[in-house]
Structures are given as C-alpha cells and as structure tokens.
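Chemist:
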Amino acid sequence: AQTVTQSQPEMSVQEAETVTLSCTYDTSESDYYLFWYKQPPSRQMILVIRQEAYKQQNATENRFSVNFQKAAKSFSLKISDSQLGDAAMYFCVQQGGSEKLVFGKGTKLTVNP
Amino acid sequence: DTGVSQNPRHKITKRGQNVTFRCDPISEHNRLYWYRQTLGQGPEFLTYFQNEAQLEKSRLLSDRFSAERPKGSFSTLEIQRTEQGDSAMYLCASSPRQEETQYFGPGTRLLVL
Numbered sequence: 060a061q062t063v064t065q066s067q068p069e070m071s072v073q074e075a076e077t078v079t080l081s082c083t084y085d086t087s088e089s090d091y092y093l094f095w096y097k098q099p100p101s102r103q104m105i106l107v108i109r110q111e112a113y114k115q116q117n118a119t120e121n122r123f124s125v126n127f128q129k130a131a132k133s134f135s136l137k138i139s140d141s142q143l144g145d146a147a148m149y150f151c152v153q154q155g156g157s158e159k160l161v162f163g164k165g166t167k168l169t170v171n172p
Numbered sequence: 283d284t285g286v287s288q289n290p291r292h293k294i295t296k297r298g299q300n301v302t303f304r305c306d307p308i309s310e311h312n313r314l315y316w317y318r319q320t321l322g323q324g325p326e327f328l329t330y331f332q333n334e335a336q337l338e339k340s341r342l343l344s345d346r347f348s349a350e351r352p353k354g355s356f357s358t359l360e361i362q363r364t365e366q367g368d369s370a371m372y373l374c375a376s377s378p379r380q381e382e383t384q385y386f387g388p389g390t391r392l393l394v395l
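The listed protein sequences derive, respectively, from chains C and W.
Throughout, our numbering is defined as the position within the first sequence, counted from one, plus 59.
Throughout, our numbering is defined as the position within the second sequence, counted from one, plus 282.
Set out below in structure tokens:
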C-alpha cells in the first residue's frame with residue numbers, strides 16, 4: 060500500500076523568508092510520481108511541482124523546489140522568498156501503480172507580513 | 283481553455299435524501315477522477331473513468347454511491363440515502379492521459395443535516 064506522511068500540521072514563515080515543508084512516503088512501486096499541491100482557503104487545488112521518481116535531478120518551479128531523496132523516501136518542498144499569496148494548505152501526493160493520487164494530511168502554511 | 287467545473291458548488295440536504303453532483307472536465311481530457319475530502323484531511327480517491335469506462339473504484343465507494351460518465355465527457359456522482367457521514371467536499375479532477383497531471387475543479391461541498 061502507498062502512504063504519504065506529512066509530520067508538520069502547521070508551519071509559519073515571514074514574508075520574503077524561506078520555508079521547507081517535509082514529506083515522507085512509502086511505496087513498493089519502482090515507477091512513481093510525487094507532487095506538491097496547494098489548496099488556498101476556499102479555493103481549488105492547484106499543482107505546485109511534480110517529480111518523476113526515475114529522475115535524479117530535483118524539480119524546480121520558480122520559487123519552489125524539491126529535495127527528493129529516493130533511498131530515504133523523502134520529498135520536501137522549499138519555498139523561497141515567501142509571499143502572502145503562498146498561504147495555503149500544502150499536500151504531498153504520490154501516484155504509482157495506479158492512476159489514483161494518494162494524499163498526505165497536509166501542512167497549513169501561514170505567511171506573516 | 284476553461285478549467286474543470288463542478289456544480290453545484292454547495293449542497294445542503296436532509297439525511298435520507300438523494301443528491302447528484304456534476305463535473306465537467308477540461309475539454310479533450312479523457313480521464314476523469316472523483317475524490318472526497320473531509321475536514322482537516324487530504325482528499326481520498328473514490329473512482330476514475332477513462333472515457334466512459336469506469337476503471338477503478340475505491341472501497342470508500344459504498345453501494346449508495348454511483349458514478350457515471352455516459353458519453354465520455356461530463357460525469358455525475360450520485361449519493362443515495364445520504365448520511366451525516368457523507369458530509370464532505372467532493373472534488374473532481376481530469377487529465378489528458380495516463381501519468382499526466384490531474385487538474386482539479388473547485389469542488390462541491392455537501393452538508394447532510
């Protein structure tokens with residue numbers, strides 16, 4: 060079975076600072092994908108960043124980057140130069156062996172001005 | 283390009299009533315997914331379609347739940363004899379093909395009194 064664990068229910072960061080959200084996962088699949096999705100308050104879920112497990116290079120998307128440690132089954136998200144609009148619930152997500160997405164419980168990020 | 287749309291956005295019903303939700307995927311996306319998100323949790327997979335074929339169903343999808351995608355375009359999710367435990371946000375997502383990013387709609391929030 061696939062599982063995703065986010066050990067930080069809440070995090071906060073000062074505007075313009077950097078924050079890292081943690082995620083660990085478990086899977087028996089050799090080929091899988093990992094994602095971070097963002098869900099702002101009362102707004103829809105949007106993709107932040109995607110990582111293919113077969114790629115060694117960490118994915119980056121503007122101010123967002125990941126630290127993918129395959130052997131440790133760790134997939135953390137770093138947000139640089141945090142902005143007020145980054146405030147949201149962040150979900151670490153896994154997909155492998157099936158088309159369904161498996162979500163963690165989420166980390167609520169607060170950005171302080 | 284319009285995103286995934288869901289209707290209604292909110293539904294309040296009494297226990298025992300039937301409800302139906304609709305999802306319109308992004309045009310030409312042949313894959314459509316349903317998820318359920320309860321308060322404070324990450325979304326959980328319910329079912330998915332490739333065109334009009336329902337290819338996978340979660341154990342969460344009890345006999346009271348049925349989903350259809352009759353012409354391979356929009357999909358409906360019906361809950362019969364609603365229970366208070368069905369109160370949740372029902373999310374729809376679509377993707378153009380296997381292993382591609384899933385794009386989410388705004389969700390339908392159901393409250394069963």
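Think of the CB as a built atom: it goes at the ideal place given N, C-alpha and C, for glycine as much as any other residue.
Can you tell me whether Gln366 of chain W is helix, strand or coil according to DSSP?
Modeler: Three-state result, Gln366 of chain W: helix.
Chemist: Taking Leu168 of chain C as part of the beta strand (DSSP E), name the residues at either end of that continuous run.
Modeler: Counting along the chain, the beta strand (DSSP E) containing Leu168 of chain C begins and ends at Thr166 to Asn171.
Chemist: Is the separation between the beta-carbon of Arg304 of chain W and that of Phe356 of chain W shorter than 8 Å?
Modeler: Yes, they are a contact pair.
Chemist: Quick check on DSSP: helix, strand or coil for Leu393 of chain W?
Modeler: Correct three-state label for Leu393 of chain W: strand.
Chemist: Could you check the C-alpha separation between Met371 of chain W and Gln67 of chain C for me, to the nearest Å?
Modeler: The alpha-carbon atoms of Met371 of chain W and Gln67 of chain C are separated by roughly 23 Å.
Chemist: What does the alpha-carbon distance come out to for the pair Tyr139 of chain C and Asn117 of chain C?
Modeler: According to the sequence shown, residue 139 of chain C is Ser rather than Tyr. Approximately 15 Å between the Cα atoms of the pair.
Chemist: Please confirm if the segment 288-298 of chain W is in contact with the segment 83-91 of chain C, defined as three or more CB-CB distances below 8 Å between the two stretches.
Modeler: Touching, no.
Chemist: Please tell me whether Tyr372 of chain W has its Cβ less than 8 Å away from any Cβ of chain C.
Modeler: No, because no Cβ of chain C sits closer than 8 Å to the Cβ of Tyr372 of chain W.
Chemist: Go through the segment 69-132 of chain C residue by residue and report every complete run of the alpha helix (DSSP H) that reaches 4 residues or more, in order.
Modeler: Listed in chain order, nothing qualifies, since the segment 69-132 of chain C has no complete alpha helix (DSSP H) run of 4 or more residues.
Chemist: Spatial neighbours of Ser377 of chain W within its chain, please: CB distance less than 8 Å, with the 5 preceding and 5 following residues excluded, ordered by chain position.
Modeler: Hits under 8 Å: His311, Arg313, Tyr315, Thr383, Gln384 and Tyr385.
Chemist: Where Arg102 of chain C and Asp345 of chain W are concerned, what is the direct C-alpha to C-alpha distance, given to the nearest angstrom?
Modeler: Near 30 Å, if we compare the C-alpha coordinates of Asp345 of chain W and Arg102 of chain C.
Chemist: Per DSSP, what kind of secondary structure is Leu143 of chain C in: helix, strand or coil?
Modeler: In the structure shown, Leu143 of chain C sits in a helix (DSSP, three-state: H, G or I).
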